[in-house]
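I have placed the structure first, in the form of structure tokens, so that the comments after it can refer back to it.
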Amino acid sequence: MCPTGRRHAAAHPDGKNPGDVWSIPTRPLRAAHFAAFPIDIPLRAIAAGCRLGGKVLDPFMESGTTGLAARQLGRTFAGIELNAAYCDLARTRLTDSGGQGV
-16 MCPTGRRHAA AHPDGKNPGD VWSIPTRPLR AAHFAAFPID IPLRAIAAGC RLGGKVLDPF
44 MESGTTGLAA RQLGRTFAGI ELNAAYCDLA RTRLTDSGGQ GV
């Protein structure tokens, strides 16, 4: 299920701000990256702060998880990464997913 503004507000029955602490389960990444975070983190943040069709910028792209989340939610994405190995990893993940997630 993709997060939407409605799901974002569903964390509290009155639709209040979900707070500063989010309980998000970890997910493994089989690629060679030591600190990839679960896609649920950018899914929630993008759904809360970027309109449908908006553009997401990730200035430290690394494995491309934020780009996957942006595309999955119907946003465009621009990523910046200096490490060539991480650029290759992100490019592979974004290409293999067809923009539909992990």
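Numbering follows this note's numbering, in which position 86 of the sequence shown is assigned residue number 69; successive positions increment by one, without gaps.
By construction, the Cβ of each residue, glycine as well, lies at the ideal position given by its N, Cα and C atoms.
- In this structure, Asp3 is the residue among Ser80, Asp3, Thr78 and Leu65 with its C-alpha nearest to the C-alpha of Ile24.
- Taking a C-beta distance under 8 Å as the contact criterion, Leu26 and Ala52 qualify as a contact pair.
- No Cβ-Cβ contact shorter than 8 Å links Met44 with Gly37.
- If the five residues before and after Cys33 are omitted, its C-beta is found closer than 7 Å to the C-beta atoms of Val39 and Arg58, all from its own chain and listed in chain order.
- Ile29 counts as buried, since no fewer than 16 other beta carbons sit within 10 angstroms of its beta carbon.
- Look at Asp3 here: in three-state DSSP terms it is coil, with no helix or strand label.
- Looking only at Leu65, Ser46, Asn66 and Asp79, the smallest Cα-Cα distance to Leu72 is reached by Ser46.
- Annotation for Gly62: no alpha helix (DSSP H) segment contains it, though the beta strand (DSSP E) segment containing it runs Thr59 to Gly62.
- Looking at the DSSP output, Leu40 sits in a beta bridge with Ala61.
- Gly32: member of the alpha helix (DSSP H) spanning Asp23 to Gly32, first to last residue.
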